[in-house]
Amino acid sequence: MLRSRTFVKKTRKGNVIKLVKEHYLRDDIHCGFKECRNPDCLQAKAKLEELAKCLQQHEKSGSKLTPLSSEIEPIDSLGKVYIIPDTNEFINQMDIFENPLIDNVIVLQTVLEEVKALSIVTYNRIRSLIKDNGESRNWYVFSNEHHEKTFLDRTSSESSNDRNDRAIRKATEWYSEHINEMGVDVVLVTEDSENRKKAAELKVKTMKFEEYLLSKKDCSHLLDMMGNVDIKSESNWEGYTPYLSTLQINEGLKEGFLIQGTLDISPYNYLEGSIYGAVKELGSTEVKIHIIGRKNMNRSISGDKVVVRLLPKSEWKKSPSLALVDEDEDAVVKSEELSSAASEVNPEVSDKNEDFYPKKKQKTDSVVPELVNTDSSHLLDVGEPTAVVVGIIRRNWRQYCCFLDPNMEKSASSKAIGISSNVFMLPMDRKVPKIKIRTRQAKELVGKRVIVSIDSWPVESKYPLGHFIKVIGNAGDQSTETEVLLLEHDVPYYEFSPKVLSDLPIEGESWIFDPERDGVSNGARKDIRHLNVCSIDPPGCTDIDDALHCVILPNGNFQVGVHIADVTNFVKMGTAIDQEAANRCTTVYLVNKRIDMLPPLLGTNLCSLRSNVDRLSFSCIWELDSEANIVSVDFFKSVIRSKASFTYEEAQLRIDDSSMNDELTKSIRELNNLAKKLKARRITNGALTLFSPEVRFKLENDSQDPLDVEMKELKETNSLVEEFMLLANISVAKQIYSKFSDKSLLRRHPEPPQNNFLSLNKSLERFGIQLSTQSSLDLSNSLDSAVLEGDAYFNTLVRILTTRCMMQAVYFSSGTLPESEYRHYGLATPIYTHFTSPIRRYADVIVHRLLAISIGFDTGSTLMKMTNSVMSEQCNMLNKRHRMAQHAARASVELFTNLFFKNKVVVEDGYVIQILQNGFSVLIPQYGIEGIVYLARESKISPEKKPASIVYCKESNSLKMEGDDNVVIGLFQKVKVSLQVDDKPVAANVSSMRRKLTLNLLEPNIPGLSAALEKKQMLLEQSKSSSSGISDNQIIQMVENMTSESKIQV
Amino acid sequence: MLIFSEYLGLRIDGRRANELRKITCKTNVIDYTDGSAYFEQGNTKILVGILGPREAKQRSASQTTQVTLNVEFLVSPFSSVERKKRSKYDRRSVEIATSIKQTFEHVIIGQLFPRSQIDIFIHLLQQDGGVLEACINATCLALIDAGIPMTDYVCAINAGYVDDSPMLDLNMVEEASFDTPNITIAVLIRSGKICLLQLESTLAVDLLAPVLELAKTGCKYIHSVLDSTIKESTQSMINSVTL
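Residue numbers (our numbering), protein chains in the order written: chain A, 593 to 1642; chain P, 2 to 244.
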């Protein structure tokens, strides 16, 4: 059984401890080629098959064990070859390896282990690539370290790197001899010339990756993805300071003169970053430490975990922040003149417009009034600590959606395809600096959205170096922009893989309920198809998660049941479909499309509780008394047959129509009565009714262009369903927590800290309203009384602003927090979870599994896999995806708002909801959008119109006109604004690539801020006649003449 | 941590799922004992000495119908990376000693030696996972070497369930991963009965059968090793007598 020699490896690490590990060498490692007739390999194959049988894993037979084939397409100059890339190829070129064109690859164990040590992310990417596509793309991992013929001992004079290189060469040599008779050869791919030289001595073929790509068919376009940008020495640029060594960093952190934190870039100013950390001089509490300017940020990018050193107190930040919104925003004209003169692409040209912070500060200070959130302005007297980045602990680089720097377009478009040149790509995310890439298709990139990845940021280079990955599409297209926002929010939107789809029931659409298979016959699942179950959902809903029923019991109580789609019956733990769902975590709803968590067959068909078909469900049945108190509760898996699926409106009509008295209608009425009682009780317990503006777009059917925008409406029946879902969630939370107190998935909503409400309360003082925020009950009551005579929208406005003071609700595993932290503040319940939407939320899927185990439906083997670490990791993932899904949905609304306002000028009433030092934000209830009106902008105003006339008044938190106390802009004030989208061609400049909605103030009329009177007239007229086709140019001209401008920030 | 990689098909040290580590063993290694054995399984190294059967030292502890087993388990301070001295009364040591005592009480034909005791001294020289299994195997060898009548061979092995696959003979790295369920079983070879089953962490009931199945095949292999060792040493004894 055991045919191996024992080796002992000693390694030293950290505190110098001796590790002794066994290392067995074998003679039965297969080369991976199914045609291989070598006796060793034949024997190995037999043994592998025996092992698979022994472990009862039949699926891992034959082809899976030996996936490689000698029948491959020959490459012109090389014949049939497999490539063996070295470690650095994977580290640097992983994006290319992921391209399906790259096939016939042998990954050596030595390489894999080195990759793992260098970058666990790349290692995981290789692994999942081999797992998913290994067979189809001819990838194979060869365990050369355990093969007796390819294992090498490290010699005394050799570094471990040298040893590994030698091992790679040795394995390549072995392969080239071994597979020679099959007419196949191997090529070692490495950039290291020393390595290539030594390999040549062994008569092993070697190549650079670039050479390989050039000789392989159809692969030359992949060359763009190689990130080899050459750095030219840049004039008057002294370079960044090198980072400290790991040793120095560790020492510094220990001693406390270095501080670590995650870099966060200000949304207002891309040159201003900050981290949170404890500063010795200021006590032990964490404070915001500013890192100002590129030089001080020292090659770190938003999200990187950095180590900083404090600057001396004399350099601490005393002046308030500046508003620099876009990188290179106004640089277009100047550099165009320059670059037209320069025949060659010269990326350095545009740099002249943007220098380092101190200079910019002088330039802008005099003109731009500070955009400061007024809350923090009191801190400025003491000065805030500033620091400089001296090291990076972990990079948080990802792939960025970018567009070509408009400054380079002219020269780029004159380039013929195929000639490589360096260009700058500006990321959509304003916080990320532009990225220098090398491309052969600069011309193709003009006006496109492109994905770019950062490779490195060497000391000599002012900007990070990266490589091209792929073009998404034309900027401004609805589909391209939707894809961009999905990518930018890290939403996995790719199609479901064949592997995932193979986990679906084989019957497909024709799947029907089978009492034998689904456990009704043996009593595990209850048959309740006779009950009058119905579902109530929004119109057009295809993924019906939940259904309800209500029966009056003989004793006068009510039996109420909530039936939730039994997703876990189809999504078994650990299957590919489960892993996919666990990664997606949630369905993402965009304006024009839905990114499903589960394949549509399940989501909209087999799991969806459609009417008049048998569907599996997980039921939660209560006995409620006439006051809606819970007498008892029961959970079981069931099969139901929904009698009808109503929309909210239909259900409401049935309740209201007294002529209808069938069983179904009666039960809906009973449910409605009970729901009202439940709601009343919930509110007396202190549940909050909050509000955030939600919009609905009416889309044109074919083009999906938005036709109209409206606010979502709520009906009584919405709350009917909601009440019972809340009740079900709470009951389930109690049940799973009572059984698994250490690993229940729950949802909590932390109480907001009191000072979150300070500024809101201060603003409300003016209206004689005081929000009491001691508890959620107090808050709920005082919100009800916060009404203003004659302004119906006022209360909603207060609720919107209160919502923004709240904390985020989060998922967590019950073992990780003390029980006192479980409370859900908004719903005023001590324990809560999500159970009712397993089709669109993965959290519910986990809860379903826990519940199934708790009632004995499932065995504990699923529970075994839910270890605490797995659960808390999954919770983090859920929270992250959930947040991102919300952001993506909002970004989608923004996108469609912009499309809607394209070629339109609309005048609307709005409310001031936030005062900033050089502007104010306005909420427009009609569309539920919010935007900032800036007082002035650097480039657009001439000195005499300087907005010195408008000053920020700290006491009243308002903006006043100097010398005229009548003109005031304060919080909650009603204003009139015009909305339009900057409608220059998309590629015209930076701001139009990052398309935004602009707001202009019309009323009250403030000279120098509001649009001039005659222009206002014009705008009003045009807004009326905009449908009658006004030329775009006129609007553009007008926009440019405006004295105040703003950007929408939904 | 990934211990078992489905692409390589090999574990961290190059074994496959159903392979044991290399076993080296020898009996009759210490002259002052009545029986002794040295047992190596991979990097786990164990020395066992047996004294007895002899008259019970403490009258109170002796039984009138049975032999009394007295097991002492000692961990040498240099047995692992952390050089910590463990007393023979620490919980882990006591637990292992008790397990061994209970395992062998039923195998040794104790009725033959009433009012007497057998002392088993186990020294763990070096540890690399599978300590209990190695102790049982080593004790079994030493008892045979001491000529104590037993009904059967007792062979032990541990097995776990890693990455959706049952796995035999976990080493320290594999054991150390927090969630890995780890079963140690001791089997009476002729009857096939399991006389010890110890589980660390949790293992789902439906996974127990395949893990046990694999563990039993492992025990059979161990038996073949032990048996050949005994036969060899007996042969050499015979040879020395005839000389």
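Ideal placement from N, C-alpha and C gives every residue a C-beta, glycine not left out. Since we're looking at a predicted model, the values are computed, not measured.
Within chain A, partners of residue i - CB distance below 8 Å
i             : result
I87 (chain P) : Sequence inspection shows Arg at residue 87 (chain P); the Ile mentioned does not correspond to that position. None at all; the shortest Cβ gap to chain A is about 18 Å.
Cross-chain neighbours of residue i in chain A, by beta carbon under 7 Å
i             : result
L11 (chain P) : S735, H738
Contact set between residue i and chain P, taken where Cβ atoms lie within less than 7 Å
i               : result
T1451 (chain A) : A205, V206, D207
K613 (chain A)  : D14
Whole-number beta carbon distance between residue j and residue i, since they are thought to touch under 8 Å
i               : j               : result
W908 (chain A)  : T978 (chain A)  : 5 Å
K89 (chain P)   : L75 (chain P)   : 5 Å
A1267 (chain A) : C1126 (chain A) : A1267 (chain A) to C1126 (chain A), Cβ: 14 Å. No contact.
L1193 (chain A) : A1157 (chain A) : Actually they are not in contact, since the Cβ atoms of L1193 (chain A) and A1157 (chain A) sit about 13 Å apart, beyond 8 Å.
R1246 (chain A) : I1260 (chain A) : 6 Å
N1703 (chain A) : V980 (chain A)  : The question about residue 1703 (chain A) has no answer here: the residues shown for chain A are numbered 593 through 1642.
L1270 (chain A) : E1215 (chain A) : Not quite, the Cβ-Cβ distance comes to about 14 Å (not below 8 Å), so this is no contact.
M173 (chain P)  : D129 (chain P)  : 5 Å
G869 (chain A)  : G853 (chain A)  : 5 Å
L1256 (chain A) : N1124 (chain A) : 5 Å
A157 (chain P)  : E134 (chain P)  : 4 Å
N691 (chain A)  : L805 (chain A)  : So it is not a contact: roughly 10 Å between Cβ atoms.
Test: residue i CB closer than 7 Å to a CB of chain P
i               : result
E940 (chain A)  : The predicted model places E940 (chain A) with a pLDDT of 38, which falls under 50 and marks its position as unreliable; any figure quoted below should be read in that light. Chain P, which has no Cβ nearer than 7 Å to the Cβ of E940 (chain A), makes this no.
Y1086 (chain A) : no
T702 (chain A)  : no
T1309 (chain A) : no
L744 (chain A)  : no
T1160 (chain A) : no
T1459 (chain A) : yes
L643 (chain A)  : yes
D724 (chain A)  : no
W766 (chain A)  : no
Short CB-CB distance (under 7 Å) between residue i and chain A
i              : result
N44 (chain P)  : yes
G15 (chain P)  : yes
Q236 (chain P) : no
Residue i: contacting residues in chain P (beta-carbon distance under 9 Å)
i              : result
K610 (chain A) : V82
Per-residue contacts from residue i into chain P (C-beta, under 8 Å)
i              : result
L617 (chain A) : G15
T679 (chain A) : Per Cβ cutoff of 8 Å: no residues; T679 (chain A) is ~17 Å from chain P at best.
L640 (chain A) : G10
(message) I want to know whether the region 1337-1346 of chain A touches the region 1414-1427 of chain A - three or more CB-CB distances under 8 Å.
(response) Taking 8 Å as the limit for Cβ pairs, the verdict is that the region 1414-1427 of chain A does touch the region 1337-1346 of chain A.
(message) Short of 9 Å Cβ to Cβ, which residues in the region 128-151 of chain P face chain A?
(response) For the region 128-151 of chain P, which is checked against every Cβ of chain A, the residues closer than 9 Å are D129.
(request) Anything in the region 160-190 of chain P with a Cβ closer than 8 Å to a Cβ of chain A? List those residues in chain order, please. (result) D165, S166, P167, N172, V174, F179, D180, P182
(request) Quick one: which residues of the region 16-40 of chain P get their C-beta closer than 7 Å to a C-beta of chain A? List them in chain order. (result) R16, R17, A18, N19, E20, L21, R22, K23
(message) Using 8 Å as the cut-off, can you tell me whether the region 1078-1092 of chain A makes contact with the region 1166-1174 of chain A, which would need three or more C-beta pairs spanning the two stretches below that distance?
(response) yes
(request) Would you be able to state if there are at least three C-beta pairs under 8 Å between the region 888-898 of chain A and the region 982-996 of chain A? (result) yes
(message) Assess contact between the region 37-51 of chain P and the region 145-154 of chain P, defined as three or more Cβ pairs (one per stretch) separated by less than 8 Å. Is contact present?
(response) yes
(request) Flag this pair as touching only if the region 613-628 of chain A and the region 745-763 of chain A have three or more C-beta atom pairs under 8 Å; answer yes or no. (result) At 8 Å Cβ cutoff, the stretches do not touch.
(message) When you compare the region 703-716 of chain A with the region 738-745 of chain A, are there three or more beta-carbon pairs, one atom per stretch, that lie closer than 8 Å?
(response) no
(request) Count the C-beta pairs between the region 1461-1473 of chain A and the region 1347-1366 of chain A that are closer than 8 Å, then say yes if the count reaches three, no if not. (result) no
(message) I'd like to know if the region 1311-1329 of chain A and the region 1129-1147 of chain A are in contact, where contact means that at least 3 CB-CB pairs between them fall below 8 Å.
(response) Contact holds: three or more Cβ-Cβ distances are below 8 Å.
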